């Protein structure tokens with residue numbers, strides 16, 4: 001061997017090892033740097049570039065852009081760097097950004113992610129800004145609670161909505177069938193759906209046994225809840241009963257076949273079965289009416305889920321959060337405050353992310369609405385509001401696992417691969433250890 | 001993937017003559033030659049380190065921790081072999097994905113190669129317009145791993161899709177192929193087999209290399225078409241078959257895109273399309289268990305390494321290289 005070559009190689013190896021050690025350190029340091037505050041001492045008129053990230057449809061992107069432009073018109077020093085994408089893959093992308101220490105300054109979260117991101121300190125604690133920089137005093141109390149995880153205010157509710165049973169009015173009228181009503185029992189609903197199926201050849205309702213929000217309402221009506229602290233709030237027996245309820249509905253041909261149900265489970269809102277004509281009813285959120293209406297010529301109606309409407313609650317549809325690592329927190333919070341507490345912004349955003357959280361602005365906004373479906377969404381929420389039950393706790397970490405496991409368990413039953421009891425027991429075994 | 005597959009042999013071939021049999025010139029010359037070599041290598045070397053070696057080592061480290069991707073790396077806890085233990089003893093979904101992946105590879109890969117070889121034999125003749133057909137058959141591979149193709153596939157094999165429409169012409173009542181757990185994986189296999197263009201092109205190139213004298217000699221000896229295929233074509237083609245087999249097996253095990261698109265990222269219906277890599281992705285990015293996902297990735301790497309090693313060992317018995325003097 002020739003000495004120079006050997007030193008080269010040795011140096012090279014040393015470099016490799018150093019890189020292998022240094023890179024994780026640098027990543028780690030970047031991720032944990034800048035814990036508190038930041039930016040508060042800066043000149044308020046200095047130019048700021050704020051990165052914003054959220055999910056949604058193209059329509060939502062347009063509205064959000066418009067609202068951010070309205071903010072910019074008042075604060076010319078702020079530039080937005082907006083990225084958005086479809087719901088699918090949003091959480092993955094955000095998690096990847098977090099892993100790289102590159103969380104956007106301002107981003108959207110939902111129940112699926114809130115606890116996961118908050119307990120791992122990706123989100124900034126906004127408690128100290130409450131009352132001065134961000135006003136939540138006009139919010140219904142439950143919506144404020146909703147953004148609170150482990151005593152820290154980590155998300156500001158971007159809107160309020162509730163569960164809604166959307167049905168195809170045109171189809172029912174044409175066949176002289178009655179419309180579903182708020183307060184009907186689950187059995188009545190299933191019988192009604194079977195009657196619709198018999199008369200119209202369109203299954204009356206989408207089997208929602210894989211749908212966590214339908215199960216959630218049902219389990220609350222049984223006097224329990226989805227979660228109790230960091231535990232599941234129900235037993236395998238309860239879940240098996242739920243699966244059995246829908247097994248009965250399928251046997252009565254009140255629902256589509258399992259493969260079509262599966263299609264409804266995995267699809268986005270624009271291809272929900274009520275819109276594609278594969279079922280007369282879809283289980284959605286009431287504020288999704290306008291989006292559904294865009295995809296069908298038929299007239300749609302919306303009522304509460306079956307059973308006692310007090311099983312439903314005013315829910316925060318999604319949240320705006322600020323990155324803990326952001327050095328532009330003040331600006332980010334100011335933008336959130338604008339989006340939820342400025343009449344102009346509220347009017348632009350409409351009911352796209354649910355009804356405006358600020359009650360005063362909501363009332364003012366509701367009086368100006370002309371879109372028939374938006375009107376209907378607001379009306380349902382207003383009609384139900386007095387009947388709403390107490391809002392449940394924010395779902396704990398692991399909620400997304402519960403949701404995906406529920407789909408798996410329900411489909412196992414639908415396709416006849418497991419009994420309701422077995423599927424329910426399996427789900428509990430997998431999900432319980434993931435909560436925390 | 002298709003392109004790299006096609007390029008690899010030529011790269012290998014051109015690199016071999018670059019290595020001089022004996023070093024020449026003075027010591028200083030050699031030294032500066034080595035330095036120049038490193039300089040020319042450096043972009044590749046830096047790339048290798050930054051995007052392959054360091055992340056790989058990092059993931060090996062992560063596989064022994066409870067890293068959840070959201071927390072900073074500095075906060076991870078060392079959990080030893082817990083992730084590996086859980087995989088083998090306490091995770092039904094893991095074994096489900098192993099089963100799905102192995103059955104996918106076992107069925108789709110041999111069928112894909114058989115179809116590729118069959119079509120290559122057909123297209124190896126000199127008839128009019130053969131070039132057009134070669135292009136057409138290769139086309140699906142060009143857009144092979146793409147999301148667009150998977151979406152087309154999903155729509156074709158829906159209950160209302162074109163495929164059932166076609167069956168309807170013959171009075172056959174179709175199935176909800178992609179939404180039925182007993183058929184979803186099979187639909188994916190058909191998609192994989194349909195993309196036989198890349199191995200087909202390599203087979204074609206291999207067939208062109210078979211000397212026509214051999215066929216002439218064989219026919220003089222009275223060998224029929226089938227006998228010629230068995231005794232001349234197959235042995236002469238065996239290195240190419242081997243090459244395709246190894247690459248397609250690795251490809252088969254790594255199948256992700258189509259399963260992801262078809263099931264909307266869930267591996268459903270009822271875990272029927274839960275390919276190994278898809279399961280790994282779900283664990284890492286949906287369940288935030290990057291430590292566990294990393295461990296899964298390392299087991300995967302090891303498994304593919306073993307399978308490839310088995311191929312190379314057994315290949316000795318059936319792969320014939322015509323330039324026998326080298327062996």
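Protein chains in written order, with UniProt numbering: chain A, 1 to 436; chain B, 1 to 327. Beta carbons are placed, not taken as given, at the ideal position from N, Cα and C, and that holds for glycine. Source: prediction; values computed, not measured.
Within the 7 angstroms Cβ cut-off, does residue 69 of chain B reach chain A?
When Cβ-Cβ separations below 7 angstroms define contact, residue 69 of chain B makes contact with chain A.
Inter-residue Cα distance where the pair is residue 250 of chain A and residue 191 of chain A
A direct Cα-to-Cα measurement between residue 250 of chain A and residue 191 of chain A gives close to 11 angstroms.
Shorter than 7 angstroms from the beta carbon of residue 264 of chain B to some beta carbon of chain A?
Closer than 7 angstroms: yes.
Using a Cβ cut-off of 7 angstroms (strictly closer), state whether residue 415 of chain A contacts chain B.
In terms of beta-carbon proximity, residue 415 of chain A lines the interface with chain B, with at least one pair separated by less than 7 angstroms.
Using a beta-carbon distance cut-off of less than 8 angstroms, what residues from the region 266–279 of chain B approach chain A?
Across the region 266–279 of chain B, CB contacts with chain A closer than 8 angstroms involve 266, 268, 269, 270, 271, in sequence order along the chain.
Flag this pair as touching only if the region 379–397 of chain A and the region 88–102 of chain A have three or more C-beta atom pairs under 8 angstroms; answer yes or no.
Touching, no.
Candidates A:287, A:411, A:235, of which the one nearest residue 270 of chain B by Cα:
In this structure, A:411 is the residue among A:287, A:411, A:235 with its C-alpha nearest to the C-alpha of residue 270 of chain B.
Tell me the start and end of each unbroken alpha helix (DSSP H) in the region 127–201 of chain A that is at least 4 residues and wholly inside, in chain order.
Given a length threshold of 4 residues, each whole run of the alpha helix (DSSP H) inside the region 127–201 of chain A is given here in chain order: 141–146, 169–174, 186–200.
In chain order, what residues of the same chain lie with their CB nearer than 6 angstroms to the CB of residue 464 of chain A, ignoring the 5 residues before and after it?
One cannot answer for residue 464 of chain A here, as it falls past the ends of chain A, which runs 1 to 436.
Cβ contact (3+ pairs, closer than 8 angstroms) linking the region 202–215 of chain A and the region 258–265 of chain A:
Yes: at least three Cβ pairs fall under 8 angstroms.
Could you name the residues of the same chain whose beta carbon sits closer than 6 angstroms to that of residue 82 of chain A, not counting the 5 residues immediately before and after it, in chain order?
For residue 82 of chain A, where only same-chain residues beyond five positions count, the Cβ hits under 6 angstroms are 52.
Count the other C-beta atoms from every protein chain shown that fall within 10 angstroms of the C-beta of residue 333 of chain A, then say buried if there are 16 or more, exposed otherwise.
Classification of residue 333 of chain A: buried, given that the 10 Å Cβ count is 16 or more.
Can you look up residue 315 of chain A in the DSSP assignment and give me helix, strand or coil?
Reduced to three states, the DSSP call for residue 315 of chain A is strand.
CB residue 214 of chain B to CB residue 258 of chain B, shorter than 7 angstroms?
It is not a contact, given that the beta carbons lie outside the stated cut-off.
In angstroms, rounded to a whole number, what distance separates the CA positions of residue 182 of chain A and residue 342 of chain A?
Pairing residue 182 of chain A with residue 342 of chain A, the inter-Cα distance amounts to about 33 angstroms.
Can you tell me the Cβ-Cβ gap for residue 237 of chain B and residue 206 of chain B, rounded? I've got them flagged as a contact below 8 angstroms.
With a Cβ gap of about 5 angstroms, residue 237 of chain B and residue 206 of chain B count as contacting.
Leaving aside the five residues before and after residue 338 of chain A along the sequence, list all residues of the same chain whose C-beta is less than 6 angstroms from its C-beta, in chain order.
Around residue 338 of chain A: 71, 345.
Whole angstroms is fine: what's the gap from residue 241 of chain A's alpha carbon to residue 217 of chain A's?
Each residue's Cα considered, the two are about 14 angstroms apart.
How long is the line joining the alpha carbons of residue 106 of chain B and residue 112 of chain B, rounded to whole angstroms?
Distance between the alpha carbons of residue 106 of chain B and residue 112 of chain B: 11 angstroms.
Compute the Euclidean distance between the alpha carbons of residue 41 of chain A and residue 127 of chain A, then round it to the nearest angstrom.
Per-residue confidence for residue 41 of chain A stands at a pLDDT of 49, beneath the threshold of 50, marking its modelled position as unreliable; no derived number is given.
Per DSSP, what kind of secondary structure is residue 438 of chain A in: helix, strand or coil?
In this structure chain A extends from 1 to 436, so residue 438 of chain A is not present and cannot be described.
Run of the beta strand (DSSP E) containing residue 50 of chain A, from where it starts to where it stops
Where residue 50 of chain A is concerned, the enclosing beta strand (DSSP E) stretches over 48–55.
Determine the extent of the alpha helix (DSSP H) in which residue 100 of chain B is found, giving its start and end residues.
Segment 92–123, the alpha helix (DSSP H) holding residue 100 of chain B.
Could you tell me whether the Cβ of residue 399 of chain A comes closer than 7 angstroms to any Cβ of chain B?
When Cβ-Cβ separations below 7 angstroms define contact, residue 399 of chain A makes no contact with chain B.
Determine, using beta carbons only, whether residue 177 of chain A and residue 196 of chain A come nearer to each other than 7 angstroms.
Yes.
Hey, quick one: how far does the alpha helix (DSSP H) through residue 318 of chain B stretch, first residue to last?
First-last of the alpha helix (DSSP H) with residue 318 of chain B: 290–318.
So the candidates are A:80, A:103, A:78; which of them puts its Cα closest to the Cα of residue 90 of chain A?
Nearest C-alpha to residue 90 of chain A among A:80, A:103, A:78: A:103.
What separation, rounded to the nearest whole angstrom, lies between the Cα atoms of residue 125 of chain B and residue 141 of chain B?
Between the alpha carbons of residue 125 of chain B and residue 141 of chain B lies a gap of roughly 22 angstroms.
Since residue 227 of chain A sits in a beta bridge, which residues does DSSP pair it with?
According to DSSP, residue 227 of chain A bridges with A:232.
Is it buried or exposed, residue 33 of chain A, if we count other Cβ atoms within 10 angstroms and call 16 or more buried?
With a pLDDT of 38 at residue 33 of chain A, under the threshold of 50, the modelled position of this residue cannot be trusted; read the value that follows with caution. Per the 10 Å Cβ criterion, exposed.
From the DSSP output, read off the bridge partner residues of residue 154 of chain B.
In DSSP, residue 154 of chain B forms no bridge with anything.
Limits of the alpha helix (DSSP H) - the one that residue 345 of chain A falls within
Counted as a single uninterrupted DSSP element, the alpha helix (DSSP H) harbouring residue 345 of chain A occupies residues 343–349.
Any chain A beta carbon closer than 7 angstroms to residue 285 of chain B
Yes, its Cβ sits closer than 7 angstroms to a Cβ of chain A.
Hey, out of A:45, A:129, A:154, whose CA is closest to residue 318 of chain A's CA?
Of A:45, A:129, A:154, the residue nearest in Cα terms is A:154.
I'd like to know if the region 297–304 of chain A and the region 117–125 of chain A are in contact, where contact means that at least 3 CB-CB pairs between them fall below 8 angstroms.
Taking one beta carbon from each stretch, the region 297–304 of chain A and the region 117–125 of chain A have fewer than 3 pairs nearer than 8 angstroms; the two do not touch.
Three-pair Cβ contact test at 8 angstroms for the region 250–269 of chain B versus the region 223–231 of chain B
With the cut-off at 8 angstroms, the region 250–269 of chain B and the region 223–231 of chain B do not touch.
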